[in-house]
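S.K.: Supplied in structure tokens, the structure appears directly below.
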Amino acid sequence: MSKQTDTQAVEGLDRYKYSFSDPDEAVFTAERGLSREVVEQISHMKGEPDWMREFRLKALEHYKARPMPAWGPDLGLINFDNIIYYVRPAEAEGKTWEEVPETIKRTFDKLGIPEAEQKFLAGVGAQYESEMVYHNIQKHLADQGVIFVSIEDGLRQYPDLFREYFGTVIPITDNKFAALNSAVWSGGSFIYVPKGVKVDLPLQAYFRLNMANIGQFERTLIIADEGSQIHYVEGCTAPVYTTDSFHSGVIEIIVKAGARVRYTTIQNWSVNVYNLVTQRAMVHAGGTMEWVDANLGSKLTMKYPSCYLIGEGAHGEILSLAFAAAGQHQDAGGKVIHAAPHTSSKITSKSISKAGGRTSYRGLLKVHKGAQGSRSSVVCDALLLDPQSRSDTYPSIEIDEDNVTVGHEASVSKIGEEQLFYLMSRGLNAEEAATMVVSGFIEPLVRELPMEYAVEMNRLIQLQMEGSIG
Amino acid sequence: MAATLEVRGLHAAIDGKGILKGVDLTVDKGQVHALMGPNGTGKSTLANVLMGHPAYTVTAGEILLEGVNLVEIEPDARARLGLFLAFQYPVAIPGLSVANFLRAAINAKRRGLNPEDKGVAVPEFRKLLKEKMDLLQMPHEFAGRYLNEGFSGGEKKRAEILQLATLDPRMAVLDETDSGLDIDALRIVAGGVNALAGPGLGVLIITHYQRILKYIQPHVVHIMLDGRIVESGGAELAEHLEEHGYDWLREKNPNGVVAEA
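Going down the list, the protein sequences come from chains Y and P. For the first sequence, counting from 1, position 367 maps to 396 in the working numbering; every step adds exactly one. For the second sequence, counting from 1, position 121 maps to 814 in the working numbering; every step adds exactly one.
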């Protein structure tokens, strides 16, 4: 899920269109499955410098050597040999509006998305008036020295800056899927905010339409220099329809001293997708990182936004929301590593399970020796809408320092008969009543979203709740 | 013309255990009735059964609201037909503001009358809500608080009456609205009910104590014992109870007690 230049957006869109159409029409398609040759081809097609090719190949070796993680949800159903690891954008004809599934169209309608935007989101319309807005925003950013380009352009246009930070927050050895992404990454954003610059608009919110082009192995790198500020929003409440069944992104963020970064994700992949994302921020002295992470779609999501608090007084916050309906498993949470004195963190997790859906909170809180005076609180609340649904909590807390304050609270509640009766006694039907309880439950998170996303999020919850009662 | 509320031979059970054993009660248009009786005689059960709480099963009898039998109707439809219950223990709905909740409830009612209704306009709703909050001497910030969350006992009861005032029902059942209120709050709540009572609203006040009846004059007082109404009379009946307790009624109605044993 990435911000891209307009060229990139159109390319990505075409790739999207491509994924609905005959594979042979693409200009270049890597073979199914993964090999050294495939990775070299990807690097060559992108015209990358040698160091990046080496980086990719090293990552590939690590990926192959590393066993499949067995500590979490079952990944056995993913057929890695059947994945096409790179598709070069083609000018090929896309699919037509008629081919978009009715359920997706219906959801667009319910969300009140204008038709032009609907077509764009579904990958059948390339032109949209947002391009004009996009150029104006780009100028506004450039005037302040902010770099906001596709990850490919970042590597091409800012090679030194890029190389200094790329792969430093999430090294290829971090985990199997980060290694895979490092080998075959394509698409994503490169952002640099200069010292003291405060970007006054949530970046992605203004380019929502371009966001529909989400790469399968997207890679994003954000560097917020000292005292700067930025809010980046990725994703979209509209369901992202894709036939690709596997998505594995890597998001790296560097929060320099006194800087502040908020990264908001609204993930609503179609329910065939395995979504395995590694996202992490390195937070220096006095810096603040905030992850706002909402996972509504996908078949399985494994995502634990992390903050490494490495400078004195650094602060990290993770607000996680998960909604799992029938056939879905959201394994979400957060990780915070306190590695400097007087650092503070807060993890708030809200999960909702319905119709047999499953949510898990998986969290790690680690306080290293020497991180004295650090404080952390973790609050996980789960709401179950019916007896078939499931919620689990896997908190892990490791503390190697005495002088710290750590709080952990977890609760699981069932949607109460008394709550529903109370609301129904005021004239709301069972579904409206349940929706109100759910909307109230996630209100603390929705409140943190930019206005237009909050509105859509509420509509989306209403939609998710349809037909959930009786 | 049909009475506002007419309960005929109502029997109800929970988990197979009979609680209501033949309740008969008629509230005529514009009347205020009080229902008194010791703990555990079925007063709150009656309130819940009238509203349609899913834990209770009606085993016999009828509940007629302006002539419409409610027994087979869902609670939300009962509400849209004009029945209101002020809960003894209102539950909290975290994250749902009083204002958003009331607007949704008003809109649900309007859509019940006309499926094409677009809902109450925001300025109109704000004006209505402020007016009703003023009636109950509630600070306007109250509208932004989460429904019943962290409310004091008195605030909860006041919020119930605020809902009553805003939703404009035909028949209101107040289930021990007076309990847990200090004297000032009781005056305010009673004042609110009095302001709303009138030809368009029937009221049934369920209470343990005569206290609230000093502020709201009932037309009729009923006494419930062992799942039945055993005595009805004027306001003086409540005063009599205050002096003599319930023992004289138990002696007068030994059958109920025997049946229970």
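Just so you know, even glycine gets a beta-carbon here, dropped at the ideal spot from N, CA and C. Remember, predicted model here, so these are calculated numbers, not experimental data.
Would you mind stating whether Y:R61 and Y:D110 have Cβ atoms separated by less than 8 Å?
M.R.: Taking 8 Å as the Cβ cut-off, Y:R61 and Y:D110 qualify as a contacting pair.
S.K.: Please state the DSSP three-state secondary structure of P:T859.
M.R.: Three-state DSSP puts P:T859 in a helix.
S.K.: Closest to P:K850 by C-alpha separation, out of P:L713, P:V896, P:M831, P:A931, would be which residue?
M.R.: Of the listed residues, the one whose Cα sits closest to P:K850 is P:M831.
S.K.: May I ask which residues mark the beginning and end of the beta strand (DSSP E) holding Y:Y337?
M.R.: Note, Y:Y337: beta strand (DSSP E), 335-338.
S.K.: Starting from the beta carbon of Y:R455, find every residue of chain P whose beta carbon is closer than 7 Å, and list them in chain order.
M.R.: Ordered by position in chain P, the residues that pass the 7 Å Cβ test against Y:R455 are A772, A798, Q856, L860.
S.K.: Quick check for students: name the residue ranges of the alpha helix (DSSP H) that lie wholly in the segment 431-484 of chain Y, counting only runs of 4 or more.
M.R.: Taking only runs of at least 4 residues, the alpha helix (DSSP H) segments lying wholly in the segment 431-484 of chain Y are 446-453, 459-475.
S.K.: Could you tell me whether the Cβ of Y:E485 comes closer than 8 Å to any Cβ of chain P?
M.R.: No, no contact with chain P.
S.K.: Can the beta-carbon of Y:C409 be found less than 8 Å from the beta-carbon of Y:S374?
M.R.: No, these two residues do not count as a Cβ contact at 8 Å.
S.K.: Answer with buried or exposed for Y:H73, where buried requires no fewer than 16 other C-beta atoms within 10 angstroms of its C-beta.
M.R.: With fewer than 16 Cβ atoms within 10 Å of its Cβ, Y:H73 is classed as exposed.
S.K.: Nearest chain Y C-beta to P:I766 closer than 8 Å, yes or no?
M.R.: Not one chain Y Cβ lies under 8 Å of P:I766.
S.K.: Quick one: grab the DSSP three-state call for P:I712.
M.R.: Strand at P:I712.
S.K.: Round the Cβ separation of Y:S418 and Y:K383 to the nearest angstrom and send it over; I've been treating them as touching at under 8 Å.
M.R.: With 8 Å as the limit, Y:S418 and Y:K383 qualify as a contact, their Cβ atoms being about 6 Å apart.
S.K.: Just to confirm the assignment, what range does the beta strand (DSSP E) spanning Y:A411 have?
M.R.: Taken as a continuous stretch (DSSP letters only), the beta strand (DSSP E) holding Y:A411 covers 403-413.
S.K.: State yes or no: is the C-beta of P:P862 within less than 8 Å of the C-beta of P:L776?
M.R.: Yes; because the gap between Cβ atoms is below 8 Å, this pair is in contact.
S.K.: What first and last residue would you give for the beta strand (DSSP E) that runs through Y:W100?
M.R.: No beta strand (DSSP E) holds Y:W100; DSSP gives it neither H nor E.
S.K.: What number of angstroms, rounded off, separates the C-alpha of P:V950 from the C-alpha of P:G735?
M.R.: Residue placement at P:V950 cannot be trusted, given a pLDDT of 47 that sits under 50; what the coordinates show is reported in the next sentence. Using only the alpha carbons, I get a separation of about 13 Å.
S.K.: Which of helix, strand or coil does DSSP assign to Y:A361?
M.R.: Three-state result, Y:A361: strand.
S.K.: Cβ of Y:Y115 within 8 Å of Cβ of Y:I71?
M.R.: Contact: yes.
S.K.: Tell me the DSSP bridge mates of Y:Q296?
M.R.: Bridge partners of Y:Q296: Y:N324.
S.K.: Please tell me whether Y:S500 has its Cβ less than 8 Å away from any Cβ of chain P.
M.R.: Chain Y is shown only over 30 to 499; residue 500 of chain Y falls outside these bounds and no answer can be derived.
S.K.: Determine the closest residue to Y:L457 out of P:V882, P:G884, P:A797, with distance taken between C-alpha atoms.
M.R.: When each option's Cα is compared against that of Y:L457, the closest is P:A797.
S.K.: Determine, using beta carbons only, whether Y:F219 comes closer than 8 Å to chain P.
M.R.: No, Y:F219 lies away from the interface with chain P (no Cβ there is under 8 Å from its Cβ).
S.K.: Run down chain Y in chain order and give the residues with a C-beta less than 9 Å from the C-beta of P:D769.
M.R.: Per Cβ cutoff of 9 Å: L452, M453, S454, R455, G456, L457, N458, A459, E461, A462.
S.K.: Given that Y:Q491 touches chain P, what residues does it touch there, using C-beta distances under 7 Å?
M.R.: What Y:Q491 touches in chain P: nothing, since even the nearest Cβ is about 11 Å away.
S.K.: Going along chain Y in order, which residues have a C-beta closer than 7 Å to the C-beta of P:L778?
M.R.: Those within 7 Å of P:L778 in chain Y are S454.
S.K.: For the alpha helix (DSSP H) holding Y:Y92, just list the boundary residues, first then last.
M.R.: Start and end: 79-94.
S.K.: Suppose contacts are defined by Cβ-Cβ distances below 8 Å. Is Y:A353 in contact with Y:T377 by that definition?
M.R.: In this structure, Y:T377 does not lie closer than 8 Å to Y:A353 by Cβ.
S.K.: Return the Cβ separation of P:I756 and P:V720 in integer angstroms, given the expectation that the two are a contact with Cβ distance under 8 Å.
M.R.: Their Cβ separation, rounded to whole angstroms, is 11 Å, which puts P:I756 and P:V720 out of contact at 8 Å.
S.K.: How is the beta strand (DSSP E) around P:K945 delimited, first residue to last?
M.R.: Run containing P:K945: none in the beta strand (DSSP E); it sits in the alpha helix (DSSP H), 940-945.
S.K.: Check the Cβ of Y:E472 against every Cβ in chain P and list those closer than 7 Å, keeping chain order.
M.R.: Simply G788.
S.K.: Would the segment 206-215 of chain Y count as touching the segment 80-95 of chain Y if we require 3 or more Cβ pairs under 8 Å?
M.R.: These segments touch.
S.K.: So what's Y:G316 in DSSP terms, helix, strand or just coil?
M.R.: Y:G316 falls in the coil class under three-state DSSP.
S.K.: Note down, one range per segment and in chain order, each beta strand (DSSP E) of at least 3 residues found wholly within the segment 170-202 of chain Y.
M.R.: The qualifying runs are 176-179.
S.K.: Can you give the beta carbon distance from Y:V321 to Y:L478, rounded, assuming they're within the 8 Å contact cut?
M.R.: Indeed they touch by this definition, with Cβ atoms about 7 Å apart.
S.K.: Hey, how far is the Cα of P:F818 from the Cα of P:S872?
M.R.: Taking the straight line from one Cα to the other gives about 30 Å.
S.K.: Does the Cβ-Cβ distance between P:L778 and P:A740 come in under 8 Å?
M.R.: Taking 8 Å as the Cβ cut-off, P:L778 and P:A740 qualify as a contacting pair.
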